[in-house]
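Trainee:
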Ligand code: AMP
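As structure tokens, then:
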């Protein structure tokens, strides 16, 4: 089983030394040239597979929003569902799915966004949110910000009040967090990696 170097020792884990001020980056597996040459794929499944790291990451992602009114956490297909579901429970909120085309059974709003080659779409049920709902947008990673921006537009079409967006990983060189901030929302991420 894949393990980060510092937390291989069970004695450290038991004493909590892998959880206090946890260095989340060591739990991310980087795969060069996936899915195509030049991309450094930041694989969050290795963090999610570690019970202690997953719990600490959810605690840290929830921390800025504890004590605030969050009605719904909106998670982006697909890794945003795992984090978003856990955060919804932590924050006492409901969960709204922002899905790829053809997955939601009821009427949807849709937003198209640019990929490096071509376009993609996100959909949300038209009745998923009530006007004025306080919503936290969640995904695993923000790169160019195109996906999260499409999510934000969907939430705003439903007249929701988007409080912030939260990610495990930010790739700041690709400018996505800045792009989201230009829409007037706060952006939180647990770690960042330079480059693509
Ligand atoms: P973007 O729309 O460019 O911000 O891309 C964000 C979406 O693409 C997220 O749902 C990520 O899961 C995925 N993604 C983009 N770049 C990477 C990367 N280098 N490593 C892992 N996932 C990525």
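In this note's numbering, the protein residues as written are 46 to 241.
By construction, the Cβ of each residue, glycine as well, lies at the ideal position given by its N, Cα and C atoms.
The model shown is predicted, which means the values in this text are computed figures rather than measured ones.
1. Does DSSP classify residue 221 as helix, strand or coil?
2. Go ahead and pull the three-state DSSP assignment for residue 236.
3. Tell me whether residue 168 is buried or exposed, calling it buried when 16 or more other Cβ atoms sit within 10 Å of its Cβ.
4. Could you pull out every residue in the same chain whose Cβ sits closer than 7 Å to the Cβ of residue 61, ignoring the five residues on either side in sequence?
5. Only counting the same chain, and skipping five residues up and downstream in sequence, which positions put a Cβ closer than 8 Å to that of residue 183?
6. According to DSSP, is residue 103 part of a helix, a strand, or is it coil?
7. Shorter than 7 Å, the distance from the beta carbon of residue 185 to the closest heavy atom of ligand 1, or not?
8. Quick one: Cα of residue 70 to Cα of residue 228, how far?
9. Are the segment 74-88 and the segment 202-209 touching, with three or more C-beta to C-beta distances below 8 Å?
10. Would you report the Cα separation of residue 164 and residue 114, rounded to the nearest angstrom?
11. Mark residue 215 as exposed unless 16 or more other C-beta atoms lie within 10 angstroms of its C-beta, in which case mark it buried.
12. In the structure shown, what three-state DSSP assignment does residue 113 receive?
13. Less than 7 Å between the CB of residue 193 and some heavy atom of ligand 1, yes or no?
14. Taking all protein chains shown into account, do 16 or more other C-beta atoms lie within 10 angstroms of the C-beta of residue 95, making it buried, or fewer, making it exposed?
15. Does residue 152 come out as helix, strand or coil in the three-state DSSP assignment?
16. Between which two residues does the beta strand (DSSP E) harbouring residue 87 extend?
17. Assuming residue 197 and residue 225 form a contact by the criterion Cβ under 8 Å, report the distance between their Cβ atoms to the nearest whole angstrom.
Mentor: Straight from the coordinates:
1. Against the chain shown, residue 221 aligns to sequence position 176. DSSP places residue 221 in helix when its eight states are reduced to three.
2. By 1-based counting over the chain shown, the position of residue 236 is 191. Looking at residue 236 - three-state DSSP - the assignment turns out to be strand.
3. Residue numbering aside, residue 168 sits at position 123 when the chain shown is read from its first letter. Flag for residue 168 reads buried.
4. For the purposes of this step, residue 61 is identified with residue 16 of the chain shown, where counting begins at 1. Model confidence at residue 61 stands at a pLDDT of 41, short of 50, so the residue's coordinates are unreliable; what they give is reported in the following sentence. Counting only Cβ-Cβ distances below 7 Å, and skipping sequence neighbours, we find nothing.
5. To locate residue 183, count along the chain shown from 1; it is residue 138. Contacts found: 106, 118, 119, 120, 121, 125, 128, 129, 132, 210, 211 and 212.
6. In the chain shown, residue 103 corresponds to position 58, counting from 1. Looking at residue 103 - three-state DSSP - the assignment turns out to be helix.
7. One-based indexing of the chain shown puts residue 185 at position 140. Under cutoff, so the answer is yes.
8. Looking up residue 70 in the chain shown gives position 25. Looking up residue 228 in the chain shown gives position 183. Using only the alpha carbons, I get a separation of about 28 Å.
9. no
10. Against the chain shown, residue 164 aligns to sequence position 119. Against the chain shown, residue 114 aligns to sequence position 69. Computed Cα separation, rounded: 34 Å.
11. Looking up residue 215 in the chain shown gives position 170. Buried: at least 16 other Cβ atoms inside 10 Å.
12. For the purposes of this step, residue 113 is taken as the residue at position 68 of the chain shown. Three-state result, residue 113: coil.
13. As a first step, residue 193 is located in the chain shown; it is residue number 148 there, counting from the start. Yes, since a heavy atom of ligand 1 falls inside the 7 Å radius drawn around the Cβ of residue 193.
14. Taking the first residue of the chain shown as position 1, residue 95 is located at position 50. It counts as buried.
15. Here residue 152 corresponds to residue number 107 of the chain shown, with the count starting at 1. Coil, per DSSP.
16. The residue labelled residue 87 in the question sits at position 42 within the chain shown. Per DSSP, residue 87 belongs to the beta strand (DSSP E) from 85-88.
17. Residue numbering aside, residue 197 sits at position 152 when the chain shown is read from its first letter. Residue numbering aside, residue 225 sits at position 180 when the chain shown is read from its first letter. Right, their Cβ atoms sit about 7 Å apart.
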